[in-house]
Every structure is written in C-alpha cells, then in structure tokens.
C-alpha cells in the first residue's frame, strides 16, 4: 500500500469501518453516565477515523485498537508530501490516516489519550473547551488544522463537550508524541 | 467536504475561525464608543481617566496607541476606588474599572478596545471601529472585523473577535489588563525597550498610583526597589521585556499550556537573571517546531539564531507557525533584528 492515499479514502473511511462491522463503543442512551455519553459522541463523531492509526489487516486497512486515539505514530516519520499536479486533487493522506498534506501544510492527528506527557493527561476540562471554542491549537495557538472539523465540534453543547472530554480521559493512556505541523512547501 | 474546505480556509487564514463562533451578542456594551464614558465631550477624553503607557508595548503592526484607565468612585463621592495590589503579579481591580486602548494607523484612528469590569469575576470585552469621519466608533460584532485598515500593501489589520480577546486577556476572575501592571508601570523604565513609548507628564505610573492612594496593599519598598526584568546586559533586559509583553499572556508558568513548560512571564519573585523564565524554559530546550530545511531546533539556541524556533516563529506570519498567533499581520522586523543579534551574542555554553 502506498504511503499516501487520496482524500477519497479519507472520506470513505467511516463507511468502510461500518462495513467491517467495527463498533468501538455502544451508543449511549439518556440516563447513562457522562463517560458513556462521551464514548457515544466520539464514535458517531468519527474521532477514531483520524486519531486511531490504521494498520493493514487480513481484510485490508483496519484501526489499530492497541493504539486507540493515540494519534499519528511517533515512529512513523513521514517523508516530504507528494507534490500533486495541477488539477482537482488537493490532499494526500498517510496509510495510517493520521497525517494529511494539503494547502495548509502537513497536519498530524493529535494524541487524545490521557497520557500525561504526550496526550490530554495534563489538560483541564476548561482548556479542552477553550480549544474547541477558539479553534486554536492548545486553545491559544495556531488554528487547528484540517481535516479536524473543529468548526463543527464548536456547535456541540457544553455538556456534550464535557462528556467527550470525560470519555477521552477514561481511555487507556498511550505515550506517543505526535510531531508538530509542517508548513506548506510554498510558504518556505 | 464543505467542512473540510471551511477548516482549510480558516487554517490558511482566509476566514476567521471565530466567524463561525456560536456566541450571544455582547451584553451591556454600548453601541457607540462615545457612550462608554471615555469622553467628557466629543473628541475630548475625560481628564479624570488615567493615561498610561506600558514600558514594553505589545506589537500591533506598528499601530500608534493611546491608553486610559477609569477607576470607579470609592466609598465616598469624592474618593476613587483603589486597586488591590497585595499580589504584585495579579492586581485586582475594583468593579466598574474600564480600560480603553486606541489604535491608529497612518494617523487615523482605526479601533478602540474596551475592557470593563462589571462584577467580581465578569468583564465585558468590546471593540469599536472608527467611522470614516473620525467622529465616533461603532461596536463591532463578536466575530471582529477583518481588514479594518491596510497596514502594508495587501495586508490588513483585523479587529480581533471576542474569543480572541479572551485568548490573551483571560476570562472571569483571571481576566488581566496586560499593559497595566507593576512591571509595565515601573518607574525603572527600560531605555532599550523595543518600540518604547516615552512617559509623558500627566501619565500615571507606580509612583502616581501609590501617591494618590490608588494602589493599596503593595509592598513598602515598591518604589525604592521597583519591578525590573532581571538581566545583566541591557540587550537581555529588553529582549526578555519584549517577550514578556508579547508572549507571556499565553506562555506563563501560572497557567501552563499542556505539555509545553514554556514561560515568558516576569514575576516579582524573580531575583536573578538565571531565574527569568524567558531564559530558564527556552535556553537549549528542544522544540517540536521544525524550521524550514532543518530536522530539529531548539527554542533558543545560543549563538544560533537560525536554529532558534522562537525567532523563526516570531519572523513568520504564516498561519501554521506565526507567533503571536493573533493580533498582528506583519512581522515585527525591529524585534526580529534585535532578538537575532541577542541570540547570536549569547554564549554557546550558557551559564544558566
């Protein structure tokens, strides 16, 4: 499998996952715990689509649940993004579906597990809310980069965002330092 | 797909992230600047307000600025409420405090910002855009106003969104007036401060605040041992002062960003250069940022400006790397030159 795929695969991924019969958590129902609500929202929001690396399985690419929500693998050093020819193709994607190259440069899916050093372990709920509301890295920095649909997540209620954060704090912590974003070549 | 393109446009700086924010309209902010209490009569600032100039100004695309603070009436009609200065690093302002900052480009007033303390833990943030006739300014929407003034060919100054106001000034009880604090108003002003504005007669400062009883609870030797960046060399003092003013609203030890351990905030507890966080948390420390053409960098690489991520990011106005990430469209070239020279002169084996 080539290292880069096109956006088409990215958009098709939630559908592919459903074909594979993968259910990361069971959908919550009213009255269940906040964490279960968060798990439900993470599933239907497709967070795993980018934040859990794909690995090659017997039936093709499948999420590597041993690295659930841990973002772009630290060990996977990406070569320079392919230069796409003039035309309608815009975005390239790593085979893990955790790194994306486009007009904004190269973005890497963040580690959403509660690892203290490399994930959300050191985050407060207020910081998480600020990140979503501001659309800024760490709540105060550069814009959160595509394909993270932070502009959609911003429409979530505060209760739902808190539930998502509570769930993310409850999953197994995985130490994985995701590389920083890389600027577009044209900008250099 | 539309969501992806919208995110891409925001990341590329083509649209404001906050333009999509879901917020109610600012409660309580008057529609016109002339209704906020800044002026005693049209065009004439109320002489009771305290004019001030921080010794280390924030870079805003080279804007000329004027600033005023209003303290509300005190317990008696003739008195003025005072600032609680017991914590030198976090003054507490009385409810009713207002602070205005006027921004001018090419001699024209473009915007005036207002911070208004309406309760013990509530502040109103408002920005006003000046009209063409320069007679008054109108409240801008929550999402701010793009391209309010051209600051260079093809580059516009944008009035920040309310979300961006809070990004720097904080929220609730933690809201800060960044230019009105002990270091910024210290009588021990840094003659080498970048873009330093002269203190003019009639402006307030620490001495004035203490003499008029407007600052209570401050240490007794505040004026004989005034706040000062601790640095052995003048260039280090002005560099750290610049970083404190331009970076420390986000990068600060008392409210750390997760996983960064990056701090530029000078506090009253710092007594020697080696303890200045702008050095302690940067010198020789690896950076996640990858400068163009390099596989790795340090936050501050003594003697090597090109390997110093701090300088690379200051010199960028590309959305993915610019620092500060908001509030300016132009690189502060004077600051980049000053910090480049400072970093180049730092000893390769730092003594810190």
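Residue numbers (the working numbering), protein chains in the order written: chain Y, 179 to 366; chain S, 235 to 586. Glycine included, every Cβ here is placed at the ideal spot set by N, Cα and C.
- Shown here, residue 381(S) sits in a strand according to DSSP, grouped into three states.
- Using beta-carbon distances, residue 211(Y) does not count as an interface residue toward chain S, since no partner is under 8 Å.
- Residue contact with chain Y for residue 554(S): present (Cβ-Cβ distance below 8 Å to some residue of chain Y).
- Per DSSP, residue 219(Y) lies in no beta strand (DSSP E) segment; the continuous alpha helix (DSSP H) that holds it begins and ends at 212-222.
- Short of 6 Å from the beta carbon of residue 279(Y), and not among the five residues preceding or following it, lie these beta carbons of its own chain, in chain order: 259, 270.
- Residues of chain S whose Cβ lies closer than 7 Å to the Cβ of residue 295(Y) are, in chain order, 493.
- For residue 484(S), the C-beta contacts it makes with chain Y under 7 Å involve 318, in order along the chain.
- Cβ neighbours of residue 323(S) within its own chain (closer than 6 Å, five residues either side excluded): 501, 502.
- Residue 302(Y) is classed as exposed because its beta carbon has fewer than 16 other beta carbons within 10 Å across all chains shown.
- In the DSSP assignment, residue 332(S) is bridged to 304(S), 350(S).
- Classified as exposed, residue 267(Y) has fewer than 16 neighbouring CB atoms from the shown chains inside 10 Å of its CB.
- Annotated three-state conformation of residue 321(Y) is strand, per DSSP.
- Using a Cβ distance threshold of 8 Å, residue 299(S) and residue 343(S) do not count as a contacting pair.
- Taking the beta carbon of residue 523(S) as reference, the chain Y residues within 8 Å of it are 358, listed in sequence order.
- Residue pairing by DSSP puts residue 241(Y) in a beta bridge opposite 232(Y).
- At a cut-off of 8 Å, the C-beta of residue 245(Y) has no neighbouring C-beta in chain S.
- Under the 8 Å criterion on CB atoms, residue 526(S) is classed as interfacial with respect to chain Y.
- Taking C-alpha positions only, residue 327(Y) is separated from residue 350(S) by approximately 34 Å.
- Residues of the same chain with a CB within less than 7 Å of the CB of residue 295(Y), apart from the 5 flanking positions on each side, are 353 in chain order.
- Within the region 558-575 of chain S, the residues whose Cβ lies closer than 7 Å to some Cβ of chain Y are 559, listed in chain order.
- Uninterrupted alpha helix (DSSP H) stretches at least 4 residues long and entirely within the region 431-485 of chain S occur at 440-445, 468-481, given in chain order.
- Out of 413(S), 364(S), 575(S), the CA that lies nearest to the CA of residue 267(S) is found in 364(S).
- At a cut-off of 8 Å between C-beta atoms, residue 458(S) does not count as an interface residue with respect to chain Y.
- Residue state for residue 361(S) is assigned as strand, using DSSP reduced to three classes.
- Neighbours of residue 397(S) in chain Y, taken as residues whose beta carbon is under 7 Å from its own, are 311, 312 in chain order.
- Taking the CA atoms as reference points, residue 325(Y) sits about 48 Å from residue 439(S).
- Rounded to the nearest whole angstrom, the CA to CA distance from residue 334(Y) to residue 579(S) is 50 Å.
- The residues 267, 272, 334, 335, 336, 337, 361, 362, 364, 371, in chain order, have a CB closer than 8 Å to that of residue 346(S) in the same chain once the five nearest residues on each side in sequence are set aside.
- Listed along the chain, the chain Y residues whose CB falls inside 8 Å of the CB of residue 352(S) amount to none; the nearest CB is some 21 Å away.
- Judged by their CB atoms, residue 350(Y) and residue 276(Y) are not nearer to each other than the 8 Å cut-off.
- In terms of Cα proximity to residue 293(S), the closest of 356(S), 510(S), 461(S), 481(S) is 481(S).
- Proximity to residue 325(S) across 436(S), 509(S), 448(S) peaks at 448(S), based on C-alpha coordinates.
- Chain-order list of chain S residues neighbouring residue 266(Y): empty, with the shortest C-beta distance near 12 Å, by a criterion of under 9 Å.
- The region 272-285 of chain S makes no contact with the region 377-385 of chain S; the number of CB pairs closer than 8 Å stays below 3.
- With respect to the C-alpha of residue 444(S), the residue from 421(S), 435(S), 426(S) having the closest C-alpha is 421(S).
- Going by DSSP, residue 342(Y) is part of the alpha helix (DSSP H) stretching over 336-348.
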